[in-house]
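**Student:** For our numbering, add 765 to where a residue sits in the sequence shown, where the first one is 1.
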Amino acid sequence: MTATLPQTAPPRSTATHCPYCALQCGMRLDGAGPLTVTPRDDVPANRGGLCQKGWTAAELLTVPDRITTPLMRARRGAPLEPCTWDEALDRIAAGARRLRAAHGPDAVAVFGGGGLTNEKAYQLGKFARIALRTSQIDYNGRFCMSSAAAASNRAFGMDRGLPGPITDLGRADAILLVGGNVAETMPPFVRHLTDMRERGGALVVVDPRRTATARQADLHLQPAPGTDLALANGLLHLAVMEGLLDEDHIAERTTGFAAVRTAVNAYWPDRVERITGVPVPLMREAVRLLARGERSYILTARGAEQHARGVDTVTAFINLALALGLPGREGSGYGCLTGQGNGQGGREHGQKADQLPGYRSIADPAARAHVAGVWGVDPDDLPGPGRSAYELLMALGTAEGPKALLLFGSNPVVSAPRALAVTERLDSLDLLVVADFVLSETAARADVVLPTAQWAEESGTMTNLEGRVLRRRRALPPPPGVRTDLEILAALADRLDAPGKWSTEPAEVFDELRAASAGGLADYSGITYERVENEGGVFWPCPGEDHPGTPRPFLDRFATPDGRARFVPVEHHGPAEPTDADYPVTLTTGRVLAQYQSGAQTRRVAALTEAAPEPFVEIHPDLAERLGIAHGDDVRVTSRRGAATARARLTTAIRHDTVFMPFHWAGEGRANLLTNPALDPTSRMPEFKVCAVRLEPLGVNA
Ligand SMILES: Nc1nc2c(c(=O)[nH]1)N[C@H]1C(S)=C(S)[C@@H](COP(=O)(O)OP(=O)(O)OC[C@H]3O[C@@H](n4cnc5c(=O)[nH]c(N)nc54)[C@H](O)[C@@H]3O)O[C@H]1N2
Ligand SMILES: Nc1nc2c(c(=O)[nH]1)N[C@H]1C(S)=C(S)[C@@H](COP(=O)(O)OP(=O)(O)OC[C@H]3O[C@@H](n4cnc5c(=O)[nH]c(N)nc54)[C@H](O)[C@@H]3O)O[C@H]1N2
Ligand code: SF4
Ligand SMILES: [Mo]
766 MTATLPQTAP
776 PRSTATHCPY
786 CALQCGMRLD
796 GAGPLTVTPR
806 DDVPANRGGL
816 CQKGWTAAEL
826 LTVPDRITTP
836 LMRARRGAPL
846 EPCTWDEALD
856 RIAAGARRLR
866 AAHGPDAVAV
876 FGGGGLTNEK
886 AYQLGKFARI
896 ALRTSQIDYN
906 GRFCMSSAAA
916 ASNRAFGMDR
926 GLPGPITDLG
936 RADAILLVGG
946 NVAETMPPFV
956 RHLTDMRERG
966 GALVVVDPRR
976 TATARQADLH
986 LQPAPGTDLA
996 LANGLLHLAV
1006 MEGLLDEDHI
1016 AERTTGFAAV
1026 RTAVNAYWPD
1036 RVERITGVPV
1046 PLMREAVRLL
1056 ARGERSYILT
1066 ARGAEQHARG
1076 VDTVTAFINL
1086 ALALGLPGRE
1096 GSGYGCLTGQ
1106 GNGQGGREHG
1116 QKADQLPGYR
1126 SIADPAARAH
1136 VAGVWGVDPD
1146 DLPGPGRSAY
1156 ELLMALGTAE
1166 GPKALLLFGS
1176 NPVVSAPRAL
1186 AVTERLDSLD
1196 LLVVADFVLS
1206 ETAARADVVL
1216 PTAQWAEESG
1226 TMTNLEGRVL
1236 RRRRALPPPP
1246 GVRTDLEILA
1256 ALADRLDAPG
1266 KWSTEPAEVF
1276 DELRAASAGG
1286 LADYSGITYE
1296 RVENEGGVFW
1306 PCPGEDHPGT
1316 PRPFLDRFAT
1326 PDGRARFVPV
1336 EHHGPAEPTD
1346 ADYPVTLTTG
1356 RVLAQYQSGA
1366 QTRRVAALTE
1376 AAPEPFVEIH
1386 PDLAERLGIA
1396 HGDDVRVTSR
1406 RGAATARARL
1416 TTAIRHDTVF
1426 MPFHWAGEGR
1436 ANLLTNPALD
1446 PTSRMPEFKV
1456 CAVRLEPLGV
1466 NA
């Protein structure tokens, strides 16, 4: 089978969205050769703004080392060499069949990504379950917002990023932003915070670093990494003491407050100051700001969530929000800032180990029956839940684990915790297949590499951080020789004699997704491409074509069986790996404006590499002096997992006891050589945001 790519003349101007983060800024692409990018002002999320990554996004399409032909290596150790699509696909299908025959269907695993469109995420989950019949599928969203998702499901019965349209934020009385650096991670988002502040609202930021976001705040709390839960319980303790609770809201809309009130008794202010390092007067001011109006938000991002107790930490902030009467009211509530372009939709349509489309549980017999019906298979033939992302990666190539991995939309050699061990597991596979548009660090280790189409070369839908489904539109055809992910999955399904329909048309796949999601929590059945076009996006759940969609899902009731939100008492445990004499400093990790994730894309864009060229470690000057480190020195950072080398960047914006590294680079500066894969017991999220390290100066870099 050869790829036939429709070569229709491209329209002069295409309205679409940015390929990167969950804000999904609207942009217009013009031209037929090199595209020019202009921001759209008809999209509420960005209202005419873009960040540097968005402005330069068109360069991704023409990076010099873009792969345009499949690559294969004859055996481990041999070089990757160009091959035909038939050779590549035949090798994958034969390998999958052989391993399945020898070891059973779980011998082949799939790893997906939150950057994939809804259509691709859906098709990938279906491919794993009915073409490979494997339970072994998970995705990088597990590393992203799985803790917030689990906490929201527990409290509200549903997990949907923001509780309302993003423009609601601009009318709030106060926003408490915990562990989010939006000035770098979604710059146009800051406009909504500025709107609020110009109307008299207050911004409170909780971050161990005085970030670009914290500098714009009315109040900045600077806790030690991994102590947010104690802080949240302490704030609730203060709210109780100061009589700031919304007793009516608690009585009418929630259950379980008594146990939480008892639990936070033990979080008296002095104790919380000792745990977190946040002075009591600042805590008091924060809770007063948050409680002074009726419409306020508590928002969490990765700083609060990427912890071995991330679910409980988010729960502690939800408890605080509920006690102040915020969730369930128009223009206020709790929200999680989704990260990846389709971080929302990516978690709703079945690429997570325990989920089927429509945010259904794969363990629920009714859900299995419904989805099996749409797929045309027997419910008993669907596999059960598989391993979570890190557990899956670490099982690869072991006696009980998968022997082959098909990877779409992630670069775990750079982005997974304890990356060295994960890389060893990838190298021990019989067959590693990576679909990507560049030779990422993970693709470079694959046995077969499949070149895929990019954002502006394909159509589909993305669900942004608001829960609003948006259209990604094709502006030009992919380069000759390149196929879309849907075409790749269809060709493999065909070779594996898979049951079901394997359309390569995004609109057809979307119609099937609608049917599969019908009746589920994330019900997309009423959403059509036409409606998305005409209505500027549609909010899920949307259970019928005559249903308006649901911008604010919790106004009348929560999605729990009794309609009430649930308080859950939670206790502070601290980081899984506390500092000690050998590893006396806390390392936290995160992002910078000009690089995206593993850097596979942004490290190839000239202006972005110029803006953020190399790995670094932020150190407070006092700590640096104690360790004999000067600004610009190369520093070796060592944890129990390994050592990394990065340039010292001295700044008073970070706590004395903490250092920070971005994780966007490969090689010896890889932050994930150091990170601790301790997993949250519920979400299985790794503790990217805290581990114990020691630092040594390596002298001035020549
Ligand atoms: N430029 C850029 N933008 C991006 C991305 C990118 O890679 N680059 N990725 C996208 C994705 S997938 C995501 S998930 C989002 C992430 O967006 P954010 O969550 O805003 O990003 P991070 O930098 O990971 O973490 C935010 C902050 O958490 C702080 N932090 C660290 N430890 C703690 C802690 O224990 N407690 C608290 N309260 N704060 C802590 C860090 O100092 C950091 O400033 O960004 C999206 N946007
Ligand atoms: N230390 C540390 N580590 C972290 C984090 C942290 O804060 N600290 N954050 C974590 C978080 S929140 C996230 S989301 C992960 C992200 O980390 P990764 O999962 O590695 O994400 P990306 O770098 O975006 O990798 C996406 C890859 O897929 C390719 N790609 C993009 N779109 C498509 C597509 O449509 N189809 C196909 N086939 N390929 C595509 C890109 O070229 C790239 O190579 O990192 C996690 N790792
Ligand atoms: S904020 Fe996110 S969506 Fe907007 S331009 Fe930047 S990377 Fe793209
Ligand atoms: Mo993320």
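Where a beta carbon is used, it is the ideal one built from N, C-alpha and C, also for glycine.
In its own chain, which residues sit with a C-beta less than 7 Å from the C-beta of Arg1190, not counting the 5 before and 5 after it?
**Tutor:** Leu1158, Met1159, Leu1161 and Gly1162
**Student:** If the criterion is Cβ atoms closer than 7 Å, does the pair Leu1003 and Val1079 meet it?
**Tutor:** no
**Student:** DSSP state of Gly1174, grouped into three classes?
**Tutor:** coil
**Student:** Comparing the CB of Asn1107 with every heavy atom of ligand 2, is any distance shorter than 6 Å?
**Tutor:** no
**Student:** Closer than 6 Å to a non-hydrogen atom of ligand 1 - does that hold for the CB of Pro990?
**Tutor:** yes
**Student:** Please list the terminal residues of the continuous alpha helix (DSSP H) segment that includes Thr1226.
**Tutor:** Thr1226 -> not in any alpha helix (DSSP H); beta strand (DSSP E) instead, spanning Gly1225 to Thr1228.
**Student:** Expressed to the nearest angstrom, what Euclidean distance is found between the alpha-carbon atoms of Ser1363 and His1014?
**Tutor:** For Ser1363 and His1014, the distance between alpha carbons rounds to 43 Å.
**Student:** With distance defined between alpha-carbon atoms, name the residue in Gly796, Asp1399, Val1214 and Gln1071 nearest to Gly1339.
**Tutor:** Gln1071
**Student:** Taking the continuous alpha helix (DSSP H) assigned at His868, which residues delimit it?
**Tutor:** First-last of the alpha helix (DSSP H) with His868: Trp850 to His868.
**Student:** Would Thr1417 be called buried (16 or more neighbouring beta carbons within 10 Å of its own) or exposed?
**Tutor:** exposed
**Student:** In the DSSP assignment, the alpha helix (DSSP H) including Gly1232 goes from what residue to what residue?
**Tutor:** Gly1232 -> no alpha helix (DSSP H), and no H or E assigned at all.
**Student:** Counting C-beta neighbours from all protein chains within 10 Å, is the total for Met923 16 or more, i.e. buried, or is it exposed?
**Tutor:** buried
**Student:** Taking the alpha-carbon positions, what's the Ala1436 to Val1455 distance?
**Tutor:** 12 Å
**Student:** Check whether the Cβ of Lys1168 sits closer than 6 Å to any heavy atom of ligand 3, and report yes or no.
**Tutor:** no
**Student:** Which class does Tyr1099 belong to by DSSP, given the choice of helix, strand or coil?
**Tutor:** strand
**Student:** Can you list, in chain order, the stretches of the alpha helix (DSSP H) that have 4 or more residues and sit fully within the region 774 to 824?
**Tutor:** Runs of the alpha helix (DSSP H) inside the region 774 to 824: 817 to 820.
**Student:** Check whether the Cβ of Gly1104 lies closer than 6 Å to any heavy atom of ligand 4, and answer yes or no.
**Tutor:** yes
**Student:** I'd like to know whether the C-beta atoms of Phe1332 and Asn1084 end up nearer to each other than 7 Å.
**Tutor:** yes
**Student:** With distances taken Cα to Cα, identify the nearest neighbour of Leu826 among Pro1244, Met792, Arg1406 and Lys1266.
**Tutor:** Ranked by Cα distance from Leu826, the first of Pro1244, Met792, Arg1406 and Lys1266 is Pro1244.
**Student:** Cβ atoms of Cys848 and Gly1108: under 7 Å apart, would you say?
**Tutor:** no
**Student:** Please tell me whether Cys786 has its Cβ less than 7 Å away from any Cβ of chain C.
**Tutor:** No chain C is part of this structure, which consists of one protein chain only.
**Student:** Which class does Asp938 belong to by DSSP, given the choice of helix, strand or coil?
**Tutor:** Asp938: coil per DSSP, three-state reduction.
**Student:** Would the beta-carbon of Cys909 be found less than 6 Å away from any heavy atom of ligand 4?
**Tutor:** The beta carbon of Cys909 sits closer than 6 Å to at least one heavy atom of ligand 4.
**Student:** Would Gly1232 and Gly796 qualify as a contact pair, given that the criterion is a beta-carbon distance under 7 Å?
**Tutor:** No; because the gap between Cβ atoms is not below 7 Å, this pair is not in contact.
**Student:** With DSSP run on the structure shown, which of helix, strand or coil describes Leu1358?
**Tutor:** coil
**Student:** Going by the CB atoms, is the gap between Ala1221 and Leu1529 shorter than 7 Å?
**Tutor:** Any question about residue 1529 goes unanswered here, given that the chain covers just 766 to 1467.
**Student:** Quick test of your reading: Leu958 and Glu1095, contact by CB under 8 Å. State the CB separation rounded to the nearest angstrom.
**Tutor:** Between Glu1095 and Leu958 the Cβ distance is about 19 Å, and since that is not below 8 Å, they are no contact.
**Student:** Comparing C-alpha positions only, which one of His1421, Ile1253, Glu1206 and Gly880 sits nearest to Leu1185?
**Tutor:** Checking every option, the nearest Cα to that of Leu1185 belongs to Glu1206.
**Student:** Would the C-beta of Gly1174 count as close to ligand 2, meaning under 6 Å from any of its heavy atoms?
**Tutor:** yes
**Student:** Under 6 Å: does the beta carbon of Tyr1361 sit that close to some heavy atom of ligand 1?
**Tutor:** At a threshold of 6 Å, Tyr1361 counts as near ligand 1, since its beta carbon sits closer than that to one of the ligand's heavy atoms.
**Student:** Give me, in chain order, the residues of the same chain whose beta-carbon lies closer than 7 Å to that of Leu1392; leave out the 5 immediate sequence neighbours on both sides.
**Tutor:** Leu1460 and Pro1462
**Student:** Cα separation between Ala1086 and Ile1063?
**Tutor:** 7 Å
**Student:** Pick out whichever of Pro1386, Gly1265, Glu1017 and Val1043 has its Cα sitting closest to the Cα of Gly999.
**Tutor:** That would be Val1043, whose Cα lies nearest to the Cα of Gly999.
**Student:** Taking only heavy atoms of ligand 3 into account, decide whether any of them is closer than 6 Å to the Cβ of Gly879.
**Tutor:** Checking the Cβ of Gly879 against ligand 3 gives no.
**Student:** Just the Cα atoms here: how many angstroms apart are Ala1024 and Pro1326?
**Tutor:** 20 Å
**Student:** If you run the structure through DSSP and keep just helix, strand and coil, what is Asp1321?
**Tutor:** coil
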